[in-house]
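Undergrad: One structure, pasted below without further comment.
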Amino acid sequence: MTGRPSLRAVSDLHVGHRGNAHVIDDIRPVHPGDWLIVAGDVAEKTDHVVGALERLADRFERVIWVPGNHELWIASDDDGITSTTKYDRLVDACRSIGVDTPEDPYPLWTGPGGPAWVVPMFLLYDYSWTRSPGQSRASALAGARERRVVASDEFLIDPAPYPDAAAWCAARLVATTTRLAALDPAHPTVLVNHWPLLRAPTEVLRHPDFALWCGTDQTADWHRRYRATASVYGHLHIPRTTVHDSVRFEEVSLGYPREWAARGRPDPLARQILPVPDHPQVRWIRDRDGLPRIARPGEDGPDLEEER
Ligand SMILES: [Fe+2]
Ligand SMILES: [Fe+2]
């Protein structure tokens with residue numbers, strides 16, 4: 006190992022899928038001082054999530070986790086617990102293995118590219134990213150159902166005691182803004198959330214209705230309001246870097262085996278967040294058949310991002 010320590014990030018490892026079962030073997034620090042952000046969707050089963058995080062915590066100096074929607078899914082062998090209880094239990098389990106969660110004090114990265122607050126957040130979504138502007142949530146959800154685009158979250162997340170995910174999201178937004186406002190403004194932030202803070206990255210979704218389950222209008226100015234030097238997210242399974250208001254947004258997912266088998270996977274999987282990398286770490290190109298694919302390190306080809 007050589008060089009300088011870095012703050013790195015990955016998400017959507019989905020280790021419960023057979024083709025991703027060994028992916029943790031491929032995520033290793035480049036320097037012994039590296040920190041790793043794990044931005045949700047590690048797995049559905051608690052023991053899979055904690056087992057994967059424990060292995061990563063053995064390797065990285067610090068591991069910071071936020072939940073994705075898959076961590077909140079309830080299965081028949083979950084003994085009737087709600088998703089809110091499952092989240093609380095995951096937080097307890099993370100603490101017992103030394104992994105930071107959205108409920109812990111925000112750590113300050115003081116390595117190269119720092120100092121910067123690393124802010125793990127759990128914000129969920131509130132169905133505000135409707136297909137047409139100003140559309141009511143009820144009509145947007147009805148339209149999505151008609152077009153048979155309904156996220157599994159609707160059946161597998163139990164938000165009780167909140168009446169629905171939007172109410173849980175509202176509570177999370179209030180609690181998180183309170184903590185963000187109290188942070189020392191001398192330092193910028195790395196804002197980490199499974200769901201993107203901005204709607205713009207969802208504009209390339211194959212099914213526009215799916216944006217209903219991807220975030221909330223309420224965070225549209227958070228990258229500016231809370232001095233973000235980078236915003237880290239996953240969930241879309243579209244790994245790439247975009248820039249909004251001069252702030253770098255990093256989608257750091259791996260995705261399902263069938264997805265990355267077709268389009269390639271980022272190398273390295275754990276993307277560098279700080280110090281700011283010299284160039285975007287995931288580059289999309291078109292293959293010979295005109296299909297979008299992630300370029301291998303050093304590979305030439307027209308940059309697809311410029312077409313978007
Ligand atoms: Fe995912
Ligand atoms: Fe997700």
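Note that this note's numbering gives residue 64 to position 59 of the sequence shown, counting from 1, and the numbers run on in steps of one. Just so it is clear, CB atoms sit at the ideal spot from N, CA and C, and this is done for glycine as well.
What beta strand (DSSP E) runs, 3 residues minimum, are completely inside the segment 153 to 229?
TA: Listed in chain order, they are 194 to 197.
Undergrad: What do you get for Ser137, buried or exposed, if any count of 16 or more other CB atoms within 10 angstroms of its CB means buried?
TA: Ser137 comes out exposed.
Undergrad: Of the residues Glu264, Arg204 and Leu210, which one's Cα is nearest the Cα of Ser236?
TA: The residue with the shortest Cα to Cα distance from Ser236 is Arg204.
Undergrad: Would you tell me roughly how many angstroms separate the C-alpha atoms of Gly148 and Glu264, rounded to the nearest one?
TA: Going from the Cα of Gly148 to the Cα of Glu264 covers about 27 Å.
Undergrad: Taking C-beta to C-beta, are Asp131 and Ala171 nearer than 8 Å?
TA: A contact, by the Cβ cut-off of 8 Å.
Undergrad: Does the beta-carbon of Val257 have 16 or more other beta-carbons within 10 angstroms, so that it is buried, or is it exposed?
TA: Val257 should be labelled buried.
Undergrad: Please classify Arg313 as buried or exposed, where buried requires at least 16 other C-beta atoms within 10 Å of its C-beta.
TA: Residue placement at Arg313 is flagged as unreliable, the pLDDT there being 49, under the threshold of 50; the coordinate-derived value follows with that caveat. Arg313 should be labelled exposed.
Undergrad: Around the Cβ of Thr115, are there at least 16 other Cβ atoms within 10 angstroms (buried) or fewer (exposed)?
TA: Classification of Thr115: exposed, given that the 10 Å Cβ count is below 16.
Undergrad: Sort Leu217, Phe127 and Leu279 by Cα distance to Tyr92 and report the nearest one.
TA: It is Phe127.
Undergrad: Quick one, which of Pro213, Gly269, Gln286 and Ala145 has its alpha-carbon nearest Leu296's?
TA: That would be Gly269, whose Cα lies nearest to the Cα of Leu296.
Undergrad: Just how far apart, CA to CA, sit Pro280 and Arg153?
TA: Going by the C-alpha atoms only, they are around 43 Å apart.
Undergrad: Thinking just about the alpha-carbon of each residue, which of Gly239, Tyr238, Leu202 and Pro206 is nearest to the one in Arg230?
TA: Cα-wise, what sits closest to Arg230 is Leu202.
Undergrad: Rounded C-beta distance between Gly239 and Ala44? I'm assuming under 8 Å.
TA: Right, their Cβ atoms sit about 5 Å apart.
Undergrad: Using a Cβ-Cβ cutoff of less than 8 Å, which residues in the same chain neighbour Pro164 once the five nearest sequence positions on both sides are dropped?
TA: Once the five neighbours on either side are set aside, the close Cβ partners of Pro164 are Thr87, Ser88, Thr89, Ala170, Ala172 and Trp173.
Undergrad: Taking His284 as the reference, which of Thr246, Gly8, Leu95 and Ala266 has the closest Cα?
TA: Cα-wise, what sits closest to His284 is Thr246.
Undergrad: DSSP state of Trp78, grouped into three classes?
TA: Here Trp78 sits in coil by DSSP.
Undergrad: With H, G and I counted as helix, E and B as strand and the rest as coil, what does DSSP make of Glu256?
TA: Three-state result, Glu256: strand.
Undergrad: Please state whether DSSP places Asp43 in a helix, a strand or coil.
TA: Note that residue 43 is Val in the sequence shown here, rather than Asp. Looking at Val43 - three-state DSSP - the assignment turns out to be strand.
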